[in-house]
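Engineer: Residue numbers (our numbering): 11 to 295. Below is one structure. I have some questions about it.
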Amino acid sequence: MAGPYAQRVENCFSPRTAAFFDLDKTVIAKSSTLTFSKSFYQGGLINRRAVLRTAYAQFVFLAGGADHDQMERMRAYLSALCKGWNVQQVKEIVAETLHDLIDPIIYDEAATLIEEHHTAGRDVVIVSTSGAEVVEPIGELLGADRVVATRMVVGDDGCFTGEVEYYAYGPTKAEAVKALAVSEGYDLSRCYAYSDSATDVPMLESVGHPHAVNPDRALRREATLREWPILVFNRPVRLKQRLPAFSMPPRPALVAAAAVGAAAVTAGLVWYANRQRTAGAALPG
Numbered sequence: 011m012a013g014p015y016a017q018r019v020e021n022c023f024s025p026r027t028a029a030f031f032d033l034d035k036t037v038i039a040k041s042s043t044l045t046f047s048k049s050f051y052q053g054g055l056i057n058r059r060a061v062l063r064t065a066y067a068q069f070v071f072l073a074g075g076a077d078h079d080q081m082e083r084m085r086a087y088l089s090a091l092c093k094g095w096n097v098q099q100v101k102e103i104v105a106e107t108l109h110d111l112i113d114p115i116i117y118d119e120a121a122t123l124i125e126e127h128h129t130a131g132r133d134v135v136i137v138s139t140s141g142a143e144v145v146e147p148i149g150e151l152l153g154a155d156r157v158v159a160t161r162m163v164v165g166d167d168g169c170f171t172g173e174v175e176y177y178a179y180g181p182t183k184a185e186a187v188k189a190l191a192v193s194e195g196y197d198l199s200r201c202y203a204y205s206d207s208a209t210d211v212p213m214l215e216s217v218g219h220p221h222a223v224n225p226d227r228a229l230r231r232e233a234t235l236r237e238w239p240i241l242v243f244n245r246p247v248r249l250k251q252r253l254p255a256f257s258m259p260p261r262p263a264l265v266a267a268a269a270v271g272a273a274a275v276t277a278g279l280v281w282y283a284n285r286q287r288t289a290g291a292a293l294p295g
């Protein structure tokens, strides 16, 4: 097994094991959801002001200035924004622009780790707070075996209602990992997990081999205290341009959200509830 992180990935055959990857800023260099804002604008789903607002949110996200509350408000805003969107249209837009938008921002180091885990006989599971309509195609592009992602309620008309059915965030991610361990027979003490955010500490501490990737300040502090490995990914590259050639066989990512329970989870979030006027004034319109 070759690659800069090969020493961290030991071969295993029985019992079953998995590697759990957060997506944004761990496998790809940006927010997966916000990256598609321009495409959604071109498809007539959002207006110019919404594009500018999501661009600002992307900047805050990349700058590492989004704390827990800000991330919660961001998700609430995006939930409200997509109310009334036709789900099939969203899927078509994502499919049409996936390679142009996502392929160039996949970290070479993350793709290498995914290859190495597959070579070692592990399943690769993407666990992301972003919506399933975005995460599932990305998971398939990466060759992931399973995907856990946020799910929005879809009405009888085939459009998003704006309500959240399942919110894959914080402790809920850890619950998903543990549920998959039961349903798939994973030995969590021998599993791996990777994330950039302190909100994913519950997921990281649920496995035997947690890793902090490009960690925010809170996660860096936690990883240092717990002596978790800290990895730096900084080489976004198109999969087809990777050397050696990206040889991961295409495999449809199985949706694992059903394995973590069918109970509806409401967001309970408000985007700039008390600060919307201030935010609106600060953003170009």
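All C-beta atoms in this analysis are idealised placements derived from N, C-alpha and C, irrespective of residue type, glycine included. Since the model is a prediction, treat every value here as computed from it, not as a measurement.
In chain order, what residues of the same chain have a beta carbon less than 7 Å from the beta carbon of Pro147, not counting five sequence neighbours either side?
Structural biologist: So the qualifying residues of the chain are Val104, Ala105 and Leu108.
Engineer: If you draw a straight line from the C-alpha of Pro220 to the C-alpha of Tyr117, how long is it?
Structural biologist: Straight-line Cα distance between these residues: approximately 19 Å.
Engineer: Figure out for me which residue from Asp210, Ser207 and Leu214 has the closest Cα to the Cα of Arg5.
Structural biologist: For the chain, the structure presents residues 11 to 295; residue 5 sits outside this window and is missing.
Engineer: By alpha-carbon positions, which one of Lys93, Val144, Thr171 and Arg230 ends up nearest to Leu111?
Structural biologist: It is Val144.
Engineer: Considering only the beta carbon of each residue, do Pro212 and Lys183 sit closer than 9 Å?
Structural biologist: Contact: yes.
Engineer: What do you get for Phe71, buried or exposed, if any count of 16 or more other CB atoms within 10 angstroms of its CB means buried?
Structural biologist: Note that Phe71 has pLDDT 47, beneath the 50 cutoff, so the model's placement of it is unreliable and the number below is only indicative. Answer is buried; the Cβ neighbour count reaches 16.
Engineer: Ordered along the chain, which non-local residues of its own chain (more than five positions away) have a Cβ less than 6 Å from that of Ala142?
Structural biologist: Answer for Ala142: Ala159 and Arg161, listed in chain order.
Engineer: Would you tell me roughly how many angstroms separate the C-alpha atoms of Glu125 and Ile56, rounded to the nearest one?
Structural biologist: Cα to Cα, the separation comes out at about 37 Å.
Engineer: Go ahead and label Thr234 buried or exposed: buried means 16 or more other beta carbons lie within 10 angstroms of its beta carbon, across all protein chains shown.
Structural biologist: Under this definition Thr234 is an exposed residue.
Engineer: On the DSSP bridge list, what partners appear for Pro246?
Structural biologist: Partner(s): Tyr117.
Engineer: Would you kindly check if the distance between the Cβ of Ala120 and the Cβ of Val202 is under 9 Å?
Structural biologist: Contrary to the premise, residue 202 reads as Tyr rather than Val in this sequence. Not closer than 9 Å, so no.
Engineer: Under 8 Å Cβ to Cβ from Pro246, same chain only, skipping five residues before and after it: list those, please.
Structural biologist: Excluding positions up to five away in sequence, the list reads Ile38, Ala39, Pro114, Ile115, Ile116, Tyr117 and Asp118.
Engineer: If contacts are defined as beta-carbon pairs under 8 Å, then Lys35 and Asp206 qualify, I think. What distance do you get, rounded to the angstrom?
Structural biologist: About 4 Å; that satisfies the 8 Å criterion.
Engineer: What does the alpha-carbon distance come out to for the pair Gly195 and Gln99?
Structural biologist: Those two C-alpha atoms are separated by around 37 Å.
Engineer: Find the nearest neighbour of Ser138 within the set Pro239, Asp210, Lys188 and Val192, judged by alpha-carbon distance.
Structural biologist: Nearest C-alpha to Ser138: Asp210.
Engineer: What does the Cβ neighbour count give for Gly131, buried or exposed, with the cut at 16 atoms within 10 Å?
Structural biologist: Classification of Gly131: exposed, given that the 10 Å Cβ count is below 16.
Engineer: Does the Cβ-Cβ distance between Val97 and Val164 come in under 9 Å?
Structural biologist: Yes.
Engineer: Does the separation of the CB atoms of Cys169 and Trp238 fall below 9 Å?
Structural biologist: Not closer than 9 Å, so no.
Engineer: Quick check: the Cα distance between Leu241 and Val223, rounded to an integer number of angstroms?
Structural biologist: If you take the alpha carbons of Leu241 and Val223, they lie about 5 Å apart.
Engineer: What separation, rounded to the nearest whole angstrom, lies between the Cα atoms of Lys9 and Tyr87?
Structural biologist: Because the chain in this structure spans residues 11 to 295, residue 9 falls outside the shown range and cannot be described.
Engineer: If you draw a straight line from the alpha carbon of Gly31 to that of Ala189, how long is it in whole angstroms?
Structural biologist: In the sequence on display, residue 31 carries Phe and not Gly. In a straight line, the C-alpha of Phe31 is about 16 Å away from that of Ala189.
Engineer: Specify the secondary structure class of Ala154 as computed by DSSP and reduced to three states.
Structural biologist: Three-state result, Ala154: coil.
Engineer: Between Arg227, Thr43 and Thr122, which lies nearest to Gln251 when the distance is taken from Cα to Cα?
Structural biologist: Measuring from the Cα of Gln251, the nearest candidate turns out to be Thr122.
Engineer: To which residues of the same chain is Ala208 closer than 7 Å at the C-beta, ignoring the five residues directly before and after it?
Structural biologist: The answer, listed in chain order, is Asp226, Ala228, Leu229 and Glu232.
Engineer: Please tell me whether Ala28 and Val134 are closer than 9 Å, where the distance is taken between their beta carbons.
Structural biologist: In this structure, Val134 lies closer than 9 Å to Ala28 by Cβ.
Engineer: What distance in whole Å lies between the Cβ atoms of Ser140 and Leu33, which are believed to be in contact at a cut-off of 8 Å?
Structural biologist: Confirmed, Cβ separation roughly 6 Å.
Engineer: Just the C-alpha distance for Ala90 and Gly172, rounded to the nearest angstrom, thanks.
Structural biologist: Distance between the alpha carbons of Ala90 and Gly172 is about 5 Å.
Engineer: By Cβ distance below 6 Å, which residues in the same chain neighbour Gly179 in space, the five residues on each side in sequence not counted?
Structural biologist: The amino acid at residue 179 is misidentified as Gly; the sequence shows Tyr. Excluding residues within five positions, the ones whose Cβ falls inside 6 Å are Thr139.
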